[in-house]
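Enquirer: The following block contains the structure, expressed as structure tokens.
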Amino acid sequence: MLRLLLLLAVVAFSACQARYEPNWESLDKRPLPDWYDKGKFGIFIHWGVFSVPSFGSEWFWHSWRSGSKSYVDFMTKNYRQDWAYADFAEQFTAEFYDPNAWADIFKASGAKYVVLTSKHHEGFTNWPSKSAFNWNSMDVGPKRDLVGELAKAVRSRTDIHFGLYHSLFEWYNPLYLEDAKNNFTTRKFVERKTMPELYEIVNTYEPDLIWSDGDAGPDTYWNSTGFLAWLYNDSPVKDKVVVNDRWGNGIGCHHGGYYTCHDRYNPGHIVNHKWENCMTIDFSSWGYRRNSALKDYATIEQLLTTMAETISCGGNLLMNVGPTHDGRILPIFEERLRQMGEWLKVNGEAIYESTPWVHQNDTVTPKIWYTSNAKTVYVIVLEWPTDGTLTLGAPTTTTSTKVSLVGYEGAEFKWSAKQGSGMVIDFPAIPINKMPCKWAWVLKMENLTTMPWQSLLKASQFVKDREINFIN
Ligand SMILES: *[C@@H]1O[C@H](CO)[C@@H](O)[C@H](O)[C@H]1NC(C)=O
Ligand SMILES: *[C@@H]1O[C@H](CO)[C@@H](O)[C@H](O)[C@H]1NC(C)=O
Ligand SMILES: *[C@@H]1O[C@H](CO)[C@@H](O)[C@H](O)[C@H]1NC(C)=O
Ligand SMILES: *[C@@H]1O[C@H](CO)[C@@H](O)[C@H](O)[C@H]1NC(C)=O
């Protein structure tokens, strides 16, 4: 009996040790599951009733109701006078939605995680939610569980982590509007809608990532810390789940899992916390919009530039596509995703599982970004030097420094040291069919001086002191 008591005491003690409390101080101590930092690259998918009008952006309903002229004109010209936003739901048909085909495109893109909108600010749930009566994808529109089908396809066909975006607030939900009117002293909306939904998506789909958004209101109103303590301690995903930072007014960029700070966050320098640059291939919309032109979509060169800037500074890149109301990922998005994958297939060693180097970009030549992996330094060269030489200011060479082009079967690149520090690298003329890739090139540098490594160790120590746990 005594032994049993002792055993129970030990179990209870260790369980206590591992539990997080519902406050930021405790929750912020949780180490980020390392699949996230290693993965580096994810696909964001904005899909909902807004994909039906597919005009302007996924904020269509809000822009229209706020009287924005182009939206009002669009509705006046094209829809009968009593048309309500809810009428669009029936046209959210998804007849070409083939989650297996989506999963195959995501796999080809080289992404390690996907994040699908389970519910955007319009409140329509892409799964048969028990708390979204008649405003969910099973009751109206697709008549399908869009979330469940994608989860199944991604998990059965790929090793990509499956994540869900979820908007805490809903623009026009009467309960939310009432709570907001009461200065968030009442919590009807959170109790009847937000929390039941969050628990439902976690228990049903067991997402590896929850991308919270629409956090207008105090974190105490949302009970974010209560939810996260449950998520980290007792949920079915407690060991693997990763979350972002949008959990209430003033919380973003300060608390939670990784930081997103603001959309398209791309600081250009190291941040002492794991962060993500969420951005979209269509420069001005997350949801699909029909009124877009070719110039509105980022080119592969632009996307690779953003990837280099982001990864070099310790961020993850979450790149968005907007499917159509009938369930297609249009060829322009598909092409960009496949191009990313083509590039990563050759150059992935500079991206996946990499860590920032001492320098993020070069000190003298623009459009040069560095990453590292153990003692190898990678140089992402966004433009092939037209005069056949590349001058770099950041690396300090030794006599045994080696420079090679990743994916190239030919000889190592010749280089010479510059007086003081830095180097000049010869870029030979390489026939097009021998080029490892078409858009951005990666140099692999070995046996640079040990000096910067000592300062890197110091840098990572500094980072550790500030309770940053993404380095390992
Ligand atoms: C609303 O609540 C905030 C925070 O609790 C408080 O600072 C503010 O004074 C309140 N506003 C009104 C109008 O009651
Ligand atoms: C907040 O969430 C926790 C965990 O689910 C729950 O125990 C607690 O009652 C919630 N608090 C409020 C005020 O709803
Ligand atoms: C390196 O990046 C910083 C910050 O983004 C920028 O200010 C600087 O001009 C860049 N250096 C070069 C050589 O482009
Ligand atoms: C160069 O690096 C390799 C490993 O990358 C190592 O085996 C070798 O000893 C290094 N040479 C010198 C001279 O440091």
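In mature numbering (1 follows the signal peptide of the UniProt record, and there is no 0), the protein residues as written are -18 to -1, 1 to 454.
Even for Gly, the Cβ is constructed at its ideal location relative to N, Cα and C.
Treat the numbers as computed from the prediction; the structure is a model and nothing was measured.
1. Cα separation between Met57 and Phe32?
2. State the Cα-Cα distance for the pair Pro4 and Asn429, rounded to the nearest angstrom.
3. To the nearest angstrom, how far is it from the Cα of Ile142 to the Cα of Ser194?
4. Could you have a look at Tyr67 and say whether DSSP puts it in helix, strand or coil?
5. Here's a check: name, in chain order, each residue in its chain whose Cβ is nearer than 6 Å to the Cβ of Trp397, leaving out the five neighbours to either side.
6. Quick one: what's Phe26 bridged to in DSSP?
7. Looking only at C-alpha atoms, which of Ala133, Asn118 and Val346 sits nearest to Ala376?
8. Relative to the alpha-carbon of Ala114, which residue among Phe78, Leu180 and Val136 has its alpha-carbon at the smallest distance?
9. By alpha-carbon positions, which one of Thr353, Glu335 and Leu387 ends up nearest to Lys328?
10. Which class does Tyr279 belong to by DSSP, given the choice of helix, strand or coil?
11. I think Thr75 touches His307, with their Cβ atoms under 8 Å apart; what is that distance to the nearest whole Å?
12. Checking 7 Å against the spacing of the C-beta atoms, do Ser294 and Trp351 come in under that value?
13. Return the Cβ separation of Thr140 and Ala83 in integer angstroms, given the expectation that the two are a contact with Cβ distance under 8 Å.
14. Could you check if Pro348 belongs to the surroundings of ligand 3, using beta carbon to heavy atom distance under 6 Å?
15. Within 8 Å, do at least three Cβ pairs link the stretch 251 to 259 to the stretch 284 to 302?
16. Classify Tyr79 as helix, strand or coil using the three-state DSSP reduction.
17. State the Cα-Cα distance for the pair Gly230 and Leu319, rounded to the nearest angstrom.
18. Write down the C-beta distance between Trp117 and Trp43 rounded to the nearest angstrom, noting that I regard them as a contact closer than 8 Å.
19. Pairing CB atoms from the stretch 264 to 280 with CB atoms from the stretch 234 to 242, are three or more of them under 8 Å?
20. Kindly confirm or deny that the stretch 163 to 177 and the stretch 200 to 209 touch, where touching means at least three C-beta pairs closer than 8 Å.
21. Between Gly269, Val303, Val361 and Leu374, which lies nearest to Gly24 when the distance is taken from Cα to Cα?
22. Which same chain residues, not among the five before or five after Thr379, have their C-beta less than 8 Å away from its C-beta?
23. Who are the Cβ neighbours of Phe151 in its own chain at under 6 Å, not counting the five residues just before and after it?
24. Within 10 angstroms of the Cβ of Thr167, are there 16 or more other Cβ atoms? Answer buried if so, exposed if not.
25. Verify the contact flag: Asn343, CB atom, against every heavy atom of ligand 3, threshold strictly below 6 Å.
26. Would you call the CB atoms of Glu316 and Ile87 closer than 7 Å?
27. Return yes when the C-beta of Asn165 is under 6 Å from any heavy atom of ligand 1, and no when it is not.
28. Tell me where the beta strand (DSSP E) around Ile362 begins and ends.
29. Can you find the residues in the same chain that come closer than 8 Å, C-beta to C-beta, to Leu213, ignoring five residues on each side of it along the sequence?
30. Would you mind working out which of Asp245, Leu286, Asn155 and Asp19 sits nearest Val424, comparing C-alpha positions?
Expert: Taking the coordinates as given:
1. When rounded, the distance between both Cα atoms is 14 Å.
2. Going from the Cα of Pro4 to the Cα of Asn429 covers about 47 Å.
3. Approximately 20 Å, taken between the alpha carbons.
4. DSSP places Tyr67 in helix when its eight states are reduced to three.
5. Correct list, in chain order: Val385, Met405 and Ile407.
6. DSSP, once it has assigned bridges, lists Val97 and Asn302 as partnering Phe26.
7. Of the residues Ala133, Asn118 and Val346, the one whose Cα lies closest to the Cα of Ala376 is Val346.
8. Looking at the Cα atoms, Leu180 is the closest of the given residues.
9. This sequence places Val at residue 328; Lys is not what is there. When only C-alpha atoms are compared, the closest one is Leu387.
10. It is a strand residue.
11. With a Cβ gap of about 6 Å, Thr75 and His307 count as contacting.
12. In contact: Ser294 and Trp351 (Cβ atoms closer than 7 Å).
13. In this structure, Thr140 and Ala83 do not form a Cβ contact; the two beta carbons are roughly 12 Å apart against a cut-off of 8 Å.
14. Yes, since a heavy atom of ligand 3 falls inside the 6 Å radius drawn around the Cβ of Pro348.
15. These segments touch.
16. Coil at Tyr79, not helix or strand.
17. Those two C-alpha atoms are separated by around 32 Å.
18. 12 Å between Cβ atoms; not a contact.
19. The stretch 264 to 280, when compared against the stretch 234 to 242, does not touch it at the 8 Å Cβ threshold.
20. Three or more beta-carbon pairs separated by less than 8 Å link the stretch 163 to 177 to the stretch 200 to 209, which places the two stretches in contact.
21. For the residues Gly269, Val303, Val361 and Leu374, the minimum Cα distance to Gly24 belongs to Val303.
22. These residues qualify, in order along the chain: Trp397, Ala399, Met405, Leu430 and Thr431.
23. Within the same chain, and ignoring the five residues on either side of Phe151 in sequence, the residues whose Cβ sits closer than 6 Å to its Cβ are Tyr158, Gly196 and Ala198.
24. So Thr167 counts as exposed.
25. Yes, ligand 3 has a heavy atom inside 6 Å of this Cβ.
26. In this structure, Ile87 lies closer than 7 Å to Glu316 by Cβ.
27. Yes, ligand 1 has a heavy atom inside 6 Å of this Cβ.
28. That run of the beta strand (DSSP E) goes Thr358 to Val363.
29. A distance below 8 Å between beta-carbons, with the five flanking residues on each side excluded, links Leu213 to the following residues of its chain, in chain order: Val184, Ile192, Val219, Lys220, Val223 and Val225.
30. Cα-wise, what sits closest to Val424 is Leu286.
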